[in-house]
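Notes to accompany the following structure.
Spelled out as structure tokens, the structure:
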């Protein structure tokens, strides 16, 4: 990120401070006073400013938040967007600096740290993502406010559809390529990723770290539609697979069971099917006077109207897609659609492999999303033919336990496929779900690994064993009581592992603000992002003037030495959000600073669920937080 020169920084801050108290600065002052509830005395003490939105400066429309070191020297400028001057600007922007060197607010807090002998510490908390409602893999820059995205709810340990509050463009930043056992994700080094049950920065990921990927999700009932019958869903599957939808609708299939079902559904819709040869069937519309007429662009064919309604009519095989409405149908309707798809272009092998073939890339990706509803993980294989006349093919393959789950979901008309489907189910009892978490469990147990395994009655047959069955994970977790393993026990996610992390270079970066969970899945990673400077301002606002803030979730030795100059007691306030971002950050701080025990004492204050310090003070009041802090001080004095 850009850094200003020292003179430019000082001049910009001075002018923004002056502007804040003028007519041009009213939007910034209103934001601080009315929305953030910060008093004028704190605004002046922390030397906040504002750059007018009509200014041509890159920080136009932003509240300016300066960061000073312990000696009171201006280090960098940070900012918070108040008025959008352009589309999709980043909510927060700051100059590049070494975050582990500085503590926000320490210049204001140090006299109170000396006086009270303690410090209050606040912790801030071109990829494709799944739009589960539209049923598409979309690039982050293609999402907009109001769209839905797949995210993880840690309270229920399940994947849910969350609404995007806002999309922001964060500018050009240095990015890292994180390679996993499934694919690669490019993201900034300081973006936080859920790995091994904790939120960590992407650049600190290492080979073997475990990442969460979605396995099952549900669409909220208020979004679900039921404006179609089960038979019509199956008919859509037939036409997507073996239908010709340009001009006169035509269906091509040689299996008599499928053809009989197809004709039966068409008859119920009021149209007629005419057999052209041993595998081609033309659909006709019934005229009002009882005759039949082949339909070419006329509206009297019910099937043509039906195909137009769901966006299939007029599309060739490589252009076909699953209707977006299908992704908000109830499960029973989706199953009938899948039956139609796999009856036509699906293949069930003698071994436990179920595949679906198509020449439409979008259709293949949509099918992968739809299968997740039923705990089916699939891989996409691209088939390139030597002949230039052949279109690229796409194979959606499900194996192992996913194939068993898919077999239990389907019920096919094709008798040979149906018999093989039943065979997969009968063999499925021998399949067990495995997760690549052996290395994680070893690191969790350390030297006590043998005693833990003995108590859990589990044995690692090989030292390099990577995968562990879900049954053994459950036994081990009865001993360990680990939160990450508890998530796996619910069965709504699967695990991928990091294979490599390397610098990718500077790229344009986007981020999303997600309601509720404050996280979202990007490819096969769970990502989270937040800021916390206003926590410090709010606590100073209510008289807790010994508050400082980290600029990351790591308390470095340099920052620790600054704290020890002024006091020996550290009170860590946890952001009790659904993602445990604050809790995990505090646990990491306590663990990393265990060497200071005796000289410096650490205690934690945990807020109510869903609150950060800023929101807690505004909702519950500063007096309650002061009582909580005083109660903790008694325990360490």
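Numbering (full-length UniProt numbering), first residue to last: 1 to 637.
Beta carbons: idealized from backbone N, C-alpha and C, even for Gly.
Whether residue i touches residue j by CB criterion (8 angstroms)
i	j	result
residue 19	residue 61	no
residue 414	residue 257	yes
residue 149	residue 512	yes
residue 38	residue 538	yes
residue 327	residue 135	yes
residue 127	residue 186	yes
residue 342	residue 410	yes
residue 80	residue 92	yes
residue 215	residue 514	no
residue 567	residue 114	yes
Exposed unless 16 or more other CB atoms sit within 10 angstroms - verdict on residue i
i	result
residue 613	buried
residue 269	buried
residue 129	buried
residue 365	buried
residue 349	exposed
residue 295	Per-residue confidence for residue 295 stands at a pLDDT of 36, beneath the threshold of 50, marking its modelled position as unreliable; the derived number appears in the next sentence. Label assigned to residue 295: buried.
residue 384	exposed
residue 178	buried
residue 67	buried
residue 110	buried
residue 57	exposed
residue 259	buried
residue 162	buried
residue 292	At residue 292, the pLDDT of 34 sits below 50, so the modelled position is not reliable; the number obtained from the coordinates is stated separately. Flag for residue 292 reads exposed.
Contact belief for residue i with residue j at Cβ below 8 angstroms, rounded distance in angstroms
i	j	result
residue 547	residue 105	6 angstroms
residue 157	residue 487	5 angstroms
residue 184	residue 196	So it is not a contact: roughly 19 angstroms between Cβ atoms.
residue 334	residue 240	At roughly 13 angstroms, the Cβ-Cβ gap does not stay under 8 angstroms, so residue 334 and residue 240 are not in contact.
residue 570	residue 563	6 angstroms
residue 234	residue 346	Not really, about 13 angstroms apart at Cβ, beyond 8 angstroms.
residue 160	residue 153	5 angstroms
residue 64	residue 13	6 angstroms
residue 103	residue 559	6 angstroms
residue 573	residue 605	5 angstroms
Beta-carbon contacts of residue i that lie in its chain and below 7 angstroms, excluding the five residues immediately before and after
i	result
residue 418	412
residue 496	180, 181, 182, 211, 213, 524
residue 399	352, 353
residue 307	239, 245, 249, 313
residue 10	74
residue 391	318, 359
Span separating the alpha-carbon of residue i from that of residue j
i	j	result
residue 286	residue 238	The predicted position of residue 286 is uncertain, since its pLDDT is 46 and thus under 50; no value can be drawn from it.
residue 457	residue 367	40 angstroms
residue 369	residue 381	15 angstroms
residue 45	residue 36	16 angstroms
residue 25	residue 52	6 angstroms
residue 427	residue 354	14 angstroms
residue 172	residue 94	13 angstroms
residue 603	residue 626	14 angstroms
residue 542	residue 131	42 angstroms
residue 445	residue 470	18 angstroms
residue 467	residue 617	46 angstroms
residue 638	residue 82	The displayed coordinates of the chain run from 1 to 637. Any statement about residue 638 would go beyond what the structure contains.
residue 75	residue 69	7 angstroms
residue 623	residue 480	38 angstroms
residue 167	residue 509	11 angstroms
residue 395	residue 315	20 angstroms
residue 321	residue 389	22 angstroms
residue 15	residue 42	18 angstroms
residue 489	residue 477	9 angstroms
Cβ-based neighbour list, residue i, same chain, cut-off 8 angstroms, excluding 5 preceding and 5 following
i	result
residue 206	498, 501
residue 144	164, 167
Contacting residues, own chain, Cβ-Cβ under 6 angstroms from residue i (five flanking each side not counted)
i	result
residue 317	359
residue 371	378
residue 302	269, 270, 271
residue 406	354, 376, 398
residue 433	401, 470
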